[in-house]
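**Student:** Here the protein sequences line up with chains A, B, C and D, keeping their order. Our numbering puts the first sequence at residues 222 to 648. Our numbering puts the second sequence at residues 10 to 177. Our numbering puts the third sequence at residues 408 to 697. Our numbering puts the fourth sequence at residues 50 to 404. Think of the CB as a built atom: it goes at the ideal place given N, C-alpha and C, for glycine as much as any other residue. Got a structure for you, written out below as structure tokens; questions coming shortly.
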Amino acid sequence: MSEFKVVGQSVPKADALDKVIGRAKFAADISFPGMLYAKALRSPVAHGILQHIDYSAAAALPGVAAVLTGKDVPGANNFGIIIKDEPVIVKNGEKIRKIGDTLALVAAENEAIAEQALALIKVDIEELTPVLCPIAAMQPDAPKIYDKGNVLAVRKIVKGDTEAGFRDSAVVVQQQYKTQMVEHAYIEPEAGIALFDGDVVTMWVSTQNPHYDAKEVARNLNIGLNKVRVIQAATGGGFGGKLDVSVQVHLAMLAVVTRRPVRMVYSRTESIKNSVKRHPYTITMKTGADANGRLTAFECTIIGDTGAYASYGPGTLTRSAVHATGPYEIPNVKITAYTVYTNNPQAGAMRGFGVPQVAFAHEAQMDMLAEKVGISPLEIRLLNALRPGSLTATGQYLEQSVGIVSTLEAAAAKVREIKLERRGGRL
Amino acid sequence: MDKIKIQFVLNGETRQVEVEPDLLLIDLLRERLGLTGTKVGCGEGDCGACTVLLNGKNVNSCLLLAARVNGCEVVTVEGLGSYDKLHPLQEAFIAEGAVQCGFCTPGMLLSAKSLLDVNARPTREEIARHIAGNLCRCTGYTKIINAIEKVACADRHCACSREAEEGR
Amino acid sequence: MPFVYHAPRTLENLFATLDSLEQYSLLAGGTDLIVKWKEKLIDPKAVVDINGIAAMKGIEECPHCFSIGALVTHYEITASARLRAAATALYEAAGEVGSPQIRHIATIGGNIVNASPAADTAPALLALNAEAEIQSRTGISAILVADLFTGTGRTCLKPGQIISRIKVPASGQNQGSAFVKFGKRKALAIAVVNGAAWITIDGDKIKDVRLAMGAVAPTPIRLLAIEDWLRGQTLAASTFKTAGTMAEKLVRPISDIRSSAEYRGDLARQVVIRALETAARRAKGGCACG
Amino acid sequence: MKKRGVGMGCMWYGVGNTGLPNPAGAHVDILDDGTVLVLTGCADIGQGSDTALAQIAAEEIGVRYEDVRVVSADTGVTPDAGATSASRQTYISGNAVRSAARAAKQLILETAAEMLGVSQEEIIAGDRLLKVRAASGKSQAFTDCQSECRVGLGLDSGSDTREVSIAEVIAKCRMKGKLTLGHGWYNPDTTGLDAETGQGRPYATYAFATQVAEVEVDEDTGEVTVLRVVAAHDVGRAINPRNVEGQIEGGCAIGMGYALMEEIKLQEGNVLNCNFATYLLPTSLDVPEIYPLIVEDPEKTGPFGAKGVGEPALIPTAAAIANAVYDAVGVRITDLPITPDKILAKLKEKQNKGA
């Protein structure tokens, strides 16, 4: 018998009933009388300077309620969870840092008119050489995406003496790993609908962090945070991709200017082109072990392409560094992780937050070491797994709830039960 | 642009509407008739969130001109069941944990129904094959297939093939 | 942008409608047409919905062949026990197209006239030596499906001409066919390479054979040189392997978002080996679909 | 030739933001009829936080799951709970909700203690009732004695004095002019990381996992099919085991896509595969059979021992698949995704070396 009455019970999900009958309201399902439809004009250029924008024809198109450009942003005109480096709308004379940067916003009576209006806006962009490779971006002579340089953050972790550790190692494996950029691909594209009622902006939006959204809206509209109400609509998946601002500030500005409800729903293509991605990494990893397979030393360098804007980039790379050893105790550790700007789509949070990349690497290292030492993958992991009393790479003392050994044992038992057979020998 | 008069049966009710030639069924349902249970995920037939039943078969409503449903029967998730009277598939989706974000759920339910209507006791493989046009990013499909299988089994009062499988 | 919509119910009305239009797109299943229209790759002034035309529907069995209406959906093909038995490659190809939703509305006629080099039914129809019935106001003619394609997305159909039905020879004794597809996933996949084989055997020899492949050239192609070599060869794994090697050398695929040219060459080899093996097994087995 | 292989992948994952404060707040209101309203800023994006938080509140207060309604993620009415990220909401918002629930419950306990004539410590809550702990010492005797007296006086045994419903206690509270509101917040115990050495305590707790993948590799085409995945996850405590399984199964599917098929292709900063016809997710026919295993090594600072599972679910999958591919055909692909053309090229390379 469980000591609990409700915890530990597989009760039905609170939201499931509304979702199975089609009554759950996702943001694109909400509408109001007199609603306008918003669309954004996006940069076709990865790196450049916006010289001039002429939207007179778009503004004159019947059915267009508003056209906004960078000069119309009342507040800070920047956002970002860690660093406020992304413009709400790029201003004349300012930098474009990726394909998809917002150059203008349109609100119109229907989507077709809004699209026609976008086509009527003329932009003049001075193109700059785009920086597309993070390793090239780190070179001193690389074109600068930001004045302060392209390396956004460096995270170092040092514990013990890796030189001595490798000297004392019986076996060492070293390998470079590369991981790709991927898309969250929540099935619901970004969407929101905003109202300006009295002096309060209210919006329903597909989001993972409404309180953050409200702060960015308030800063960029230059209104009190208590005058912004962000309500999370039913959200069709996020996986980290809906932590960043998408439609929120744009909708709020259009609702305030037009004093009408405004809805903005991304197409799938708009979603993939403009949302954050999982960081592509280049990882170099060197791991040493003694003749029994006990880990002795670990060195790792990680270069993460965070694209044009920081988003959760520095947080992701820091987490990668902290987790780079894997769930193993290693006495000597040296890790450096670089977060690097490029003119690629920005990378941010995605389920796993930089750890799937390093896990791909450290788990390959473990298998290679096991093979060299002549023990099984399970044995090398059990031998080195963190336990209560272990010290992590950051020197954290783990006191309790360190279940890696239990998961190894549980998995191994199941593997025996369902008869998974390893070609190379014991598991 | 001349409007086209169409008549069709929507969730059991005969409807007459005038549509523009380029109006898509998904937009007719969502924007004109207020049936927002049917979702737009990709707009190009690649995800199945917009799945409805057209004469009993699962189709992508984002790829169908509304004019084409003249004389047809269309079922959306709103026609499947209600708060008071859930369809067995809806009950099973709740009970089996087949719903996470819920965005693929309406389409998934309709694909499942179109399968069970022609094959009352499909295998897990047949279920997987029939919902292969409905992408789900949350569940890994396991619990969705469990839910559909549960209804198939209940329908026939049979020993659940999944239990048999698990016992192997 | 907006278009005029016509929905003729007979071939006569269809041709009259087509004659009256300067520019039009035919709407059958629409699973490609609507996507292209949404992506603004096409901008038809008129859309002619042919789904109401009964003469273009249904699967009929004639002596030694099937007459398949151009509006027959992929689903209908996969539901036909007769096609499964006697036009196995087509049955298999139809089941590999898109998703159940797509197969329920997309038509075989549409799959052909789109003239995609990767269309799944195309290699099957080529290997089965299928003919398309081309109909217009002035009459009806037949052309091998293989001769229909003039380039990627292009056919020899002229304005006012349509494909009304497809004639597919039925496989009989000592004959078998098979379709093989390599995609990047197991459903909703466009072929990286696909192909089909049809074979007639005489004892342990190959009496006659046709091989076709998709996604390795601007159009689906027949591999005539390999067919020539195969005739008279012994049914053996080594024979199929040699044919595969020939295919790898013969085809000149391109690199694109789905694959490199080199890897397509590797797959071309496997398509030929596997399609021949399966087709031969079916020819030997008596039951064409075994 | 198709060859099978098995590979293992392990992971750990710090719950919450790395070395940064990341608090969450919550309000709990126990209403007149004994039902409960929870206000939390925590955004449920389908992972099931509304459900888990309702279970935590129900457990703490002693009502049933269906008695609790969670109102979440509305900045007009709910307190900030931070982001639904870093697998933090069950642990951090769970603790915040538990703390708010405890505060509201405290108000009930005070009144209940008076009604039952015992000290608060002797009362346990559950299933909408507040009961005197069965094995409680002195007060137990006192109440037993009281019961005996009642019987002696010809009254019933007075079981109403041994337990009282939450609704009755609430009624009593209201008569006294007392509202039963609680608020709470939680910030995990962390420190920043040293700029030069990275030393510090970045997370209060870690989740752990081991996954084992079985694959089949076609040596002629390089195609990989993932057949089965065993996924053992230490979640501390599973608040809702079926939803935890759902997280694991879904995570494995995304992990499989990451390992084998997903990749954004760029050209001059432009995304080339920007629709679902070209950016490919696993379909129902691509995902393996998944065996989720819930391992519970309770975290003493977690709500009822819970940690997190959202992200851990996918972290070791690609690693396990890569190791399984190596086991099957003896080539190690070091750049993701592990596509058939890469495997075939390595197999050819290996063959040429051998020849």
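1) Rounded to whole angstroms, what is the Cα-Cα separation between Ala216 (chain D) and Ala101 (chain D)?
2) Is there a Cβ from chain D that is less than 8 Å from the Cβ of Thr527 (chain A)?
3) How many angstroms separate the CA atom of Glu404 (chain A) from the CA atom of Cys110 (chain B)?
4) Going straight from the alpha carbon of Val375 (chain A) to that of Gly74 (chain D), what length do you get?
5) Please work out which residues of its chain come closer than 7 Å, Cβ to Cβ, to Ala577 (chain C), disregarding the five sequence neighbours upstream and downstream, and give them in chain order.
6) Could you tell me whether the Cβ atoms of Asn143 (chain B) and Met117 (chain B) are closer together than 8 Å?
7) Determine, using beta carbons only, whether Ile270 (chain A) and Glu347 (chain A) come nearer to each other than 8 Å.
8) Along chain D, in chain order, which residues have C-beta atoms closer than 9 Å to that of Ala286 (chain A)?
9) At a cut of 8 Å, does the stretch 152-170 of chain D reach the stretch 374-392 of chain D through at least three beta carbon pairs?
10) Determine which residues of the stretch 38-72 of chain B have a Cβ less than 9 Å from any Cβ of chain D, and write them out in chain order.
11) From the DSSP secondary-structure annotation, give me the bridge partner or partners of Asp346 (chain D).
12) Helix, strand or coil for Val678 (chain C)? Go by DSSP, reduced to three states.
13) Could you say which of A:Ala631, A:Val623 and A:Lys635 lies nearest to Gly63 (chain D) if we only look at CA atoms?
14) Between which two residues does the alpha helix (DSSP H) harbouring Arg572 (chain C) extend?
15) Comparing the C-beta of Cys59 (chain D) with each C-beta of chain A, is any distance below 8 Å?
16) Roughly how many angstroms lie between the CA atoms of Asn292 (chain D) and Glu398 (chain D), to the nearest whole one?
17) Would Met305 (chain D) pass as an interface residue toward chain C - the criterion being a Cβ-Cβ separation below 8 Å?
18) Would Thr323 (chain A) and Ala259 (chain A) qualify as a contact pair, given that the criterion is a beta-carbon distance under 8 Å?
19) I want to verify the contact list: residues of chain C whose CB lies under 7 Å from the CB of Ile13 (chain B), in sequence order.
20) Tell me which residues share the same chain as Ala690 (chain C) and place their Cβ nearer than 6 Å to its Cβ, disregarding the 5 neighbours each side in the sequence.
21) Does the stretch 524-536 of chain A come close enough to the stretch 561-576 of chain A that 3 or more CB-CB pairs lie under 8 Å?
22) Under 9 Å Cβ-Cβ, which residues of chain D neighbour Tyr398 (chain A)?
23) Tell me the residue span of the beta strand (DSSP E) that contains Gln395 (chain A).
24) Once you ignore the five residues that flank Leu642 (chain C) on each side, which residues in its own chain have a CB closer than 6 Å to its CB?
25) Could you tell me whether the stretch 380-392 of chain A touches the stretch 506-519 of chain A, where touching means 3 or more Cβ pairs closer than 8 Å?
26) Can you find a C-beta in chain C that's less than 8 Å from the C-beta of Thr366 (chain D)?
27) Thinking just about the alpha-carbon of each residue, which of D:Gly306, D:Met60 and D:Gln400 is nearest to the one in Thr259 (chain D)?
28) DSSP three-state label for Glu620 (chain A), please.
29) For Lys377 (chain A), write down the residues that DSSP places opposite it in a beta bridge.
30) Compute the beta-carbon to beta-carbon distance between Ala103 (chain D) and Val119 (chain D), rounded to the nearest angstrom, for a pair I have assumed lies under 8 Å.
31) Per DSSP, which one or two residues make a beta bridge with Val486 (chain A)?
32) Excluding the 5 residues preceding and the 5 following Leu33 (chain B) in the sequence, name in chain order all residues of the same chain whose CB lies nearer than 8 Å to its CB.
33) Under DSSP, the beta strand (DSSP E) around Phe519 (chain A) begins and ends at which residues?
34) Using a Cβ-Cβ distance cut-off of 8 Å, determine whether Tyr670 (chain C) contacts chain D.
35) Apart from the five residues just before and just after Pro70 (chain D), which ones in its own chain have a Cβ nearer than 8 Å to its Cβ?
36) Which residue marks the beginning of the alpha helix (DSSP H) containing Ser662 (chain C), and which one marks its end?
**Tutor:** So, to answer that:
1) Sequence index remark: in the fourth sequence, residue 216 (chain D) carries index 167 (1-based). Sequence index remark: in the fourth sequence, residue 101 (chain D) carries index 52 (1-based). Going by the C-alpha atoms only, they are around 23 Å apart.
2) Here residue 527 (chain A) corresponds to residue number 306 of the first sequence, with the count starting at 1. No, Thr527 (chain A) lies away from the interface with chain D (no Cβ there is under 8 Å from its Cβ).
3) Within the first sequence, the letter at position 183 stands for residue 404 (chain A). Within the second sequence, the letter at position 101 stands for residue 110 (chain B). Cα to Cα, the separation comes out at about 17 Å.
4) By one-based count along the first sequence, residue 375 (chain A) stands at place 154. By one-based count along the fourth sequence, residue 74 (chain D) stands at place 25. The straight-line gap from Cα to Cα measures roughly 32 Å.
5) As a first step, residue 577 (chain C) is located in the third sequence; it is residue number 170 there, counting from the start. Around Ala577 (chain C): His471, Cys472, Phe473, Ala493 and Ala494.
6) The sequence position of residue 143 (chain B) within the second sequence is 134, counting from 1. The sequence position of residue 117 (chain B) within the second sequence is 108, counting from 1. Yes, the pair counts as a contact, with Cβ atoms nearer than the cut-off.
7) As a working mapping, residue 270 (chain A) is identified with position 49 in the first sequence. As a working mapping, residue 347 (chain A) is identified with position 126 in the first sequence. Yes, the Cβ-Cβ distance between Ile270 (chain A) and Glu347 (chain A) is below 8 Å.
8) Looking up residue 286 (chain A) in the first sequence gives position 65. Simply none; closest approach about 26 Å.
9) no
10) Gly50, Cys51, Gly52, Glu53, Gly54, Asp55 and Cys56
11) Along the fourth sequence, read from residue 1 onward, the residue named residue 346 (chain D) stands at position 297. Per DSSP, none; premise fails for Asp346 (chain D).
12) Stepping through the third sequence from its first residue, residue 678 (chain C) is reached at position 271. The answer is helix: DSSP assigns Val678 (chain C) an H, G or I state.
13) To locate residue 63 (chain D), count along the fourth sequence from 1; it is residue 14. Among A:Ala631, A:Val623 and A:Lys635, the Cα nearest to that of Gly63 (chain D) belongs to A:Val623.
14) As a working note, residue 572 (chain C) is residue 165 in the third sequence. Here Arg572 (chain C) belongs to no alpha helix (DSSP H); instead the beta strand (DSSP E) covers Ile569 to Pro576.
15) Working through the fourth sequence from its first residue, we reach residue 59 (chain D) at position 10. Yes, Cys59 (chain D) lies at the interface with chain A (some Cβ there is under 8 Å from its Cβ).
16) Looking up residue 292 (chain D) in the fourth sequence gives position 243. Looking up residue 398 (chain D) in the fourth sequence gives position 349. When rounded, the distance between both Cα atoms is 45 Å.
17) Your numbering for residue 305 (chain D) matches position 256 in the fourth sequence. It does not: the Cβ of Met305 (chain D) has no partner Cβ on chain C nearer than 8 Å.
18) Position 102 of the first sequence, counted from the start, is the residue given in the question as residue 323 (chain A). Position 38 of the first sequence, counted from the start, is the residue given in the question as residue 259 (chain A). Going by C-beta atoms, Thr323 (chain A) is not nearer than 8 Å to Ala259 (chain A).
19) Position 4 of the second sequence, counting from 1, holds the residue named residue 13 (chain B). In chain order: Tyr412.
20) If you number the third sequence from 1, residue 690 (chain C) lands on position 283. For Ala690 (chain C), where only same-chain residues beyond five positions count, the Cβ hits under 6 Å are Asn581, Gln582, Gly583, Ile606 and Ile608.
21) yes
22) As a first step, residue 398 (chain A) must be located in the first sequence, where it is residue number 177. The contacting residues are Thr383, Asp384 and Leu385.
23) Looking up residue 395 (chain A) in the first sequence gives position 174. From DSSP, the beta strand (DSSP E) with Gln395 (chain A) extends over Val392 to Lys399.
24) Taking the third sequence and counting its residues from 1, one reaches residue 642 (chain C) at position 235. Around Leu642 (chain C): Asp611 and Ala687.
25) yes
26) Counted from its first residue, the fourth sequence places residue 366 (chain D) at position 317. Output row for Thr366 (chain D): interface = no.
27) The residue labelled residue 259 (chain D) in the question sits at position 210 within the fourth sequence. Residue D:Met60 is the option with its Cα nearest to Thr259 (chain D).
28) Here residue 620 (chain A) is taken as the residue at index 399 of the first sequence, counted from 1. Glu620 (chain A): coil per DSSP, three-state reduction.
29) Taking the first residue of the first sequence as 1, we reach residue 377 (chain A) at position 156. The partner list for Lys377 (chain A) (beta bridge, DSSP) reads A:Thr557.
30) Position 54 of the fourth sequence, counted from the start, is the residue given in the question as residue 103 (chain D). Position 70 of the fourth sequence, counted from the start, is the residue given in the question as residue 119 (chain D). Yes, they are in contact, since the Cβ atoms of Ala103 (chain D) and Val119 (chain D) sit about 5 Å apart, within 8 Å.
31) The residue given as residue 486 (chain A) occupies position 265 in the first sequence. Answer is A:Ala412.
32) Numbered from 1 along the second sequence, position 24 holds the residue referred to as residue 33 (chain B). If we look at Leu33 (chain B) and ignore the five residues flanking it on each side, its Cβ neighbours are Ser70, Cys71, Leu72, Leu73, Leu74 and Ala75.
33) Against the first sequence, residue 519 (chain A) aligns to sequence position 298. Note, Phe519 (chain A): beta strand (DSSP E), Leu516 to Gly528.
34) Your numbering for residue 670 (chain C) matches position 263 in the third sequence. Yes, contact with chain D.
35) The residue labelled residue 70 (chain D) in the question sits at position 21 within the fourth sequence. Excluding sequence neighbours, Pro70 (chain D) sits near Asn236 and Thr239.
36) Position 255 of the third sequence, counting from 1, holds the residue named residue 662 (chain C). Careful: Ser662 (chain C) lies outside any alpha helix (DSSP H) and carries neither H nor E.
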